[in-house]
Structures are given as C-alpha cells and as structure tokens.
Amino acid sequence: MKVVVTMLGSRMHYAIPRIFQKAGMLEHFYTDSYIGNKPWLERILQLLPRRFRPKLLERFLGRQDALLPPDKITSFEGLGFYYAWARGRARKERDREQIYARAGRSFNRKIVAAGLGRAGVTWGFNSASLELFEYAKEQDVRCVLEQTIAPQKIQARLMAEELGRWPGWEPGLEVVEGDSPLAAREESEWRLADRIVAGSDFVAEGLRTLGVPAERIRVVPYGIDPGRFSGAERRVHAGPLRVLFAGQVGLRKGVPDLLEALGRLGKKRVDARLAGMIRIAPEKLDGFRDVAHCLGPVPRTRMAELFRWADIFILPSIVEGSATVTYEALASGLPVITTPNAGSVVRDGKEGFVVPIRDPGAVADRILRLAEDRDMLVRMGTAASARAQDFTLERYGERVLKALEGL
C-alpha cells in the first residue's frame, strides 16, 4: 500500500511522511514550503548571516528532513509564503479562518493537478483536505483524515465560554461561532474520510458527539524523541515547589485557572515559571507576579533546561488535540497535572493528576499534595519516565501503521 501525505506546515517536524518513508510506503509528500528539495537555494540563503535573517526565512531554512528523499517531495512556495504573509496581516479571527480555508482549497487543487501516482491511500489534515478527498474518491483512493485538535464547533463553544468567564483577560481574542468556514470544511471532510485519526480520547469524543461513526475513528497518541529529554537522576529541590507551564499564555491553555490556583497557594509554597507567548493582559498578570514568572517565548533548545529546573509540570488546557509538551514533561521525569481536554497520556494518580477543566481549586489541591508529600513527587516522577517509553517516535510509527489496517 502506497500513501500520499499532504501537509500545510511542518507538523511534528514531518513525523507522518517520515513514518511512511521508513516503512517503504511513501508514494509522495506534498507541502507548502520546503527547502530540503532545493539544495542550491539553501546554499544561497545560508550565505546570509543568521543575525540578519528575518524570522520567516529562518523558519523556511528549518523546513527539511534528511530522511525524506527530495524526489518524493513537491512543495508550493508561492502558496506557502502568501499564506504566511496573509496570516500575519489578518486582524480578525473570521479573516484568519477565511485565509486558512482559501489556503486549503488552493493547496488541494495544486495536488490534484499533480496527481496521486500509485497511491492507494491519501493522508491529510483537518480543514486542508476537502477537495483532495473529493478527487481521491473519484480515483478509488482511500482517505485518512488526521484530526489534530477538537472539532471547530467544540473549540468555538468552549472558547466563547472562556471569554465570558474571563472578560478582558486576553485582548483581541475572538471566537467564530455559527457560520465558520473551517467548521464547514471539517464536517465535509469527515463525511468523505474512510478513517479519522485522533490524537486523544478528547478529540475522538468530540467527533462522536458531532455524529462521526465511532467505527471510523482511531485514537493514535503521539510520540517524541526521548533522547532530547532525560528524567534520570532527578533530585527533589528544597524550598517552594517548582512549577512549570509551557505553551501560549492565554485562555485556551487554562492560564487564568492556573494563576488562580497559584495565588491561593502563595509564594512560600510555589515558584512557577510560564514559558510561551504572552496573550494575557499585563494588568491581569500584575496580581500574580510574586508566584508566577512569565518568561515569554522560549527557544526549544532551552526547554530541556526548564524541565530540569522544575519539580512538576502543569497544563490545565480548555481545548487541545494531544499536547506534545505533556509527553516531553513525562520524558523529563516530571509529574504532570493536566485536564482531560489536554489530550495527554497521563493517568490520574499514577504519573500525575487529571483534574476537571475550570477548577482552580482542584489544581491548587493537587499542587499542595505534591508539595507536602515529596515521596509521592518522586514516585510519580519515576512513573512518568516509565510511561514516556510507551510514547516514543518508534511506538508512534507503529500506532500510525496499525491505524491503516482494514482500509
């Protein structure tokens, strides 16, 4: 069975096309921007010193993978650069959704024009596969959709509720309810897909709630390279419990609930660091600066250092797919406090705690339990390291291939 993979962006650094290439199944990989099949262009662009490179150029230079044969890759740079430029100019969420939808349509039409070769399966992603799936059905090619996050309608409902809970906390945040172009594309893709792959039970439940037959859904948790993180020889730090959060510091990640929990505990019990782009209004953060230090965006190269600093990791998300940062925290030997909606592989009471969304009291309680019971902290950290071994890139590849069985 040969597979065509189509992907806007470089999701999980091309994990899906790499899996199929390693298995001898990759027919072709289509994407928007990719430098790995243009060595001559890479040599020219590398002549510009790093300190003078715009961020867009630096990201473009990272769009490559040595395991993917250049002759199996087709990229559409014109589309990719326009897509990035247009997203940067959009000011309203509905405008951004329209841009995503237009990019998906254009991407699909280019793929259809190029063809699917000998493929028996095409693997695409939510909101960016509709026209391709319509064509694939005509060619008797099976369609697999990867649903990377909860369905748009569920996202919109949950985030509209958050805006009501925390007015003024995240300036500029808008929610598109009702006539959403992305929701419409998603739902059409579900009808065409022979199989839908969800990263977590939370995503799968959202699909079932909106009418997707359970027999077409497969839950496939992600995987990471555990070599980048180490939980070995962790020591319990003296003093306040060290709490780490990583992700966009905004409503979707449940940051107001986390801050409320930290505020209840106080600086004598907790010392928290929040790594990620800050979306919360500065005046809302002011009341928590004694317990929460917002670091802003942190390079991936520094994350291992932050994991080593921490005693526990917290991600009280309102809506996700399956947050890979929780896998990284487990691999670093950290107990994780999270919610069902984060889509993690943490088991309540074993590698950490799973608490309801929107419950700062529960978050504070679990932090306090770990702060006061350092034996539990060590025990859960050891369990976290062991759990991470089931979610390596190799195991992820096995689960992806198994998801195709029976097509």
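Under this note's numbering, the sequence shown has 150 at position 150, and the numbering climbs by one with no breaks. Ideal Cβ placement from N, Cα and C applies to all residues, glycine included.
Tell me the DSSP bridge mates of Val219?
Residue mapping note: residue 219 aligns to position 219 of the sequence shown, counting from 1. According to the DSSP secondary-structure assignment, Val219 is paired through a beta bridge with Ala198.
Beta-bridge pairing of Met7 - partner residues as DSSP gives them:
Position 7 of the sequence shown holds residue 7. Looking at the DSSP assignment, Met7 forms a beta bridge with Thr31.
To the nearest angstrom, report how far apart Arg366 and Glu283 are at their CA atoms.
For the purposes of this step, residue 366 is identified with residue 366 of the sequence shown, where counting begins at 1. For the purposes of this step, residue 283 is identified with residue 283 of the sequence shown, where counting begins at 1. Their backbone Cα atoms lie some 27 Å apart in a straight line.
Rounded separation between Gln248 and Leu116 - CA only:
Counted from its first residue, the sequence shown places residue 248 at position 248. Counted from its first residue, the sequence shown places residue 116 at position 116. A direct Cα-Cα distance of roughly 37 Å separates Gln248 from Leu116.
Segment limits, beta strand (DSSP E) that includes Asp373
Here residue 373 refers to the residue found at position 373 of the sequence shown. Asp373 -> no beta strand (DSSP E), and no H or E assigned at all.
For the segment 190 to 207 against the segment 335 to 348, are there 3 or more C-beta pairs whose distance is under 8 Å?
As far as the Cβ criterion goes, the segment 190 to 207 touches the segment 335 to 348, which means the pair count is three or higher.
Looking at the secondary structure, which residues open and close the alpha helix (DSSP H) in which Glu320 lies?
The count along the sequence shown starts at 1 and reaches residue 320 at position 320. Looking at the DSSP string, Glu320 is not in any alpha helix (DSSP H), and its letter there is neither H nor E.
At least three beta-carbon pairs within less than 8 Å, the segment 352 to 361 to the segment 248 to 265:
With contact defined as three or more Cβ pairs closer than 8 Å, the segment 352 to 361 and the segment 248 to 265 are in contact.
Counting Cβ pairs closer than 8 Å, one from the segment 135 to 148 and one from the segment 165 to 181, do we hit at least three?
Two segments are said to touch when three or more pairs of C-beta atoms, one from each, lie closer than 8 Å; by this definition the segment 135 to 148 does not touch the segment 165 to 181.
From the DSSP output, in three-state form, read off Ala310 for me.
Residue mapping note: residue 310 aligns to position 310 of the sequence shown, counting from 1. If DSSP states are grouped into helix, strand and coil, Ala310 belongs with coil.
Residues bridged to Gly250 by DSSP?
As a working mapping, residue 250 is identified with position 250 in the sequence shown. According to DSSP, which records beta bridges pairwise, Gly250 is partnered with nothing at all.
By DSSP's criteria, Ser75 is part of a beta bridge. Which residues make up the other side?
By one-based count along the sequence shown, residue 75 stands at place 75. The secondary-structure analysis by DSSP pairs Ser75 across a beta bridge with Thr31.
Quick one: what's got a C-beta closer than 6 Å to Gly254's C-beta in the same chain, skipping five residues either side?
Counting from 1 along the sequence shown, the entry for residue 254 is found at position 254. In chain order, Pro316, Ser317 and Ile318 place their CB closer than 6 Å to the CB of Gly254, counting only its own chain and leaving out the 5 sequence neighbours on each side.
Could you name the residues that DSSP lists as bridge partners for Ile44?
Position 44 of the sequence shown, counted from the start, is the residue given in the question as residue 44. For Ile44, DSSP records no beta bridge to any residue.
Would the beta-carbon of Thr74 fall within 7 Å of that of Ala114?
As a position in the sequence shown, residue 74 is number 74, starting the count at 1. As a position in the sequence shown, residue 114 is number 114, starting the count at 1. Cβ distance < 7 Å, so Thr74 and Ala114 count as in contact.
For the putative contact between Arg94 and Val176, defined by C-beta atoms under 8 Å, what is the C-beta separation to the nearest angstrom?
Counting from one through the sequence shown, the residue named residue 94 turns up at place 94. Counting from one through the sequence shown, the residue named residue 176 turns up at place 176. Yes, Arg94 and Val176 are in contact; Cβ-Cβ is about 5 Å, under 8 Å.
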